[in-house]
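Student:
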Amino acid sequence: MDKNKWLTMFAAMLVCGSVSAAPLVDISLGVKQWESGSDSMFGEANDSLLSYTHSDESQYLLSAQLDHSIPLIPNARLTYQNLDFDSSYNLEQTFILAGTTFPVASNLVSNHELTIQDTTLYYEVLDVRLVTINLGVTGRYQEASVNIRETMDNTRSSSSADSYELLAHGRVNLDLPLFGFYGFAELNKGSDNELTMAGIGYEFDNTILPNIKIEFGVIEQKVSFDRDDGFIFEQAFDSSYLGLELVF
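Residues in the sequence shown are numbered from 1 upward in steps of one, following the UniProt record's numbering.
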């Protein structure tokens, strides 16, 4: 084999090696943080529900995402939220929770904790220049707990519930890679629960360190439990958020 053929084969090996070395998988770790209150209600019967509005408290959402170019296998994202609120009430009617009765005019303080774990599987169904569209499904597990206490005689009661639900997932992404800016709008919607996010951001493209994304956006969420889950609970909020994401 002459010298030119050897050079041709070596160049082909270098090209193939460069292609195979290109990353097939992107792993992202992120956090979104916001300050928000919420409108909520809970109880064990439709005619005995406590409604309240929480003051602003710091909340967060953690995420881990896997994007790849392997055909037929969906991309995946995991998110986790732990929302914690405190409230106080002056009862205008008798209220019963977990068998404990609180009479009219009782002064109650309460803590409400909500944990949400979402698993989203999705495909990129459209990629047209700067715009991509993802469609998939989100499997949600959520757990709510309520602890209340009467301030005068220290009577206490608590209740909790959990549920599973499937939500339709859709997301539109707009990327301007030459400038580093991007934007998106996302909807996760089920029969009782909903999560909507939209934002804009900037990606710092690094050669050695992970890429860093700084993001600003809005988040809106509705969470609901019914009597079949253990007790009635509804919570809704909307807020602006600040996000940070590392892309490996």
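Where is the CB? At the ideal position from N, CA and C, for every residue including glycine.
Might you give, ordered along the chain, the residues of its own chain that have their beta carbon closer than 6 angstroms to the beta carbon of Ile-116, omitting 5 neighbours on each side?
Tutor: So the list reads Gln-81, Gln-142, once near-sequence residues are dropped.
Student: If Gly-190 sits next to Glu-165, beta carbons under 8 angstroms apart, how far is it from one beta carbon to the other, in whole angstroms?
Tutor: The Cβ separation is near 5 angstroms, so the contact holds.
Student: Take Glu-150 and list the residues in its own chain whose beta-carbon comes closer than 7 angstroms to its own, dropping the five residues that flank it on each side.
Tutor: These residues qualify, in order along the chain: Phe-102, Ser-106, Asn-107, Leu-108.
Student: What's the gap between the Cα of Leu-178 and the Cα of Glu-215?
Tutor: Approximately 17 angstroms between the Cα atoms of the pair.
Student: Answer yes if the region 125-142 comes into contact with the region 203-210, meaning at least three C-beta pairs across the two stretches below 8 angstroms, and no otherwise.
Tutor: The answer is no - the region 125-142 does not touch the region 203-210, with fewer than three Cβ pairs under 8 angstroms.
Student: Considering only the beta carbon of each residue, do Asp-199 and Gly-30 sit closer than 8 angstroms?
Tutor: Checking the sequence, you will find Gly at residue 199 rather than Asp. It is not a contact, given that the beta carbons lie outside the stated cut-off.
Student: Restricting to Cα atoms, I'd like to know which of Tyr-89, Leu-62, Asn-90 is closest to Leu-83.
Tutor: Cα-wise, what sits closest to Leu-83 is Leu-62.
Student: In terms of DSSP beta bridges, what is Ile-27 paired with?
Tutor: Bridge partners of Ile-27: Leu-66.
Student: Determine the direct distance from the alpha carbon of Gln-33 to that of Ser-240, and round the result to whole angstroms.
Tutor: Taking the straight line from one Cα to the other gives about 9 angstroms.
Student: According to DSSP, what are the bridge partners of Met-41?
Tutor: BP columns for Met-41 point to Ser-51, Glu-234.
Student: Three or more C-beta pairs under 8 angstroms: does that hold for the region 120-137 against the region 158-174?
Tutor: With a cut-off of 8 angstroms, the region 158-174 and the region 120-137 count as touching, because enough Cβ pairs lie within range.
Student: For Thr-119 and Val-104, I'd like the C-alpha separation in whole angstroms.
Tutor: If you take the alpha carbons of Thr-119 and Val-104, they lie about 43 angstroms apart.
Student: Give the straight-line distance between the Cα atoms of Ser-224 and Ser-87, rounded to the nearest whole angstrom.
Tutor: Each residue's Cα considered, the two are about 19 angstroms apart.
Student: How many angstroms separate the CA atom of Ala-161 from the CA atom of His-169?
Tutor: So the two alpha carbons sit approximately 24 angstroms from each other.
Student: Taking the beta strand (DSSP E) that Glu-92 belongs to, which residues open and close that run?
Tutor: Counting along the chain, Glu-92 falls outside any beta strand (DSSP E), and DSSP gives it neither H nor E.
Student: So what's Arg-227 in DSSP terms, helix, strand or just coil?
Tutor: Reduced to three states, the DSSP call for Arg-227 is helix.
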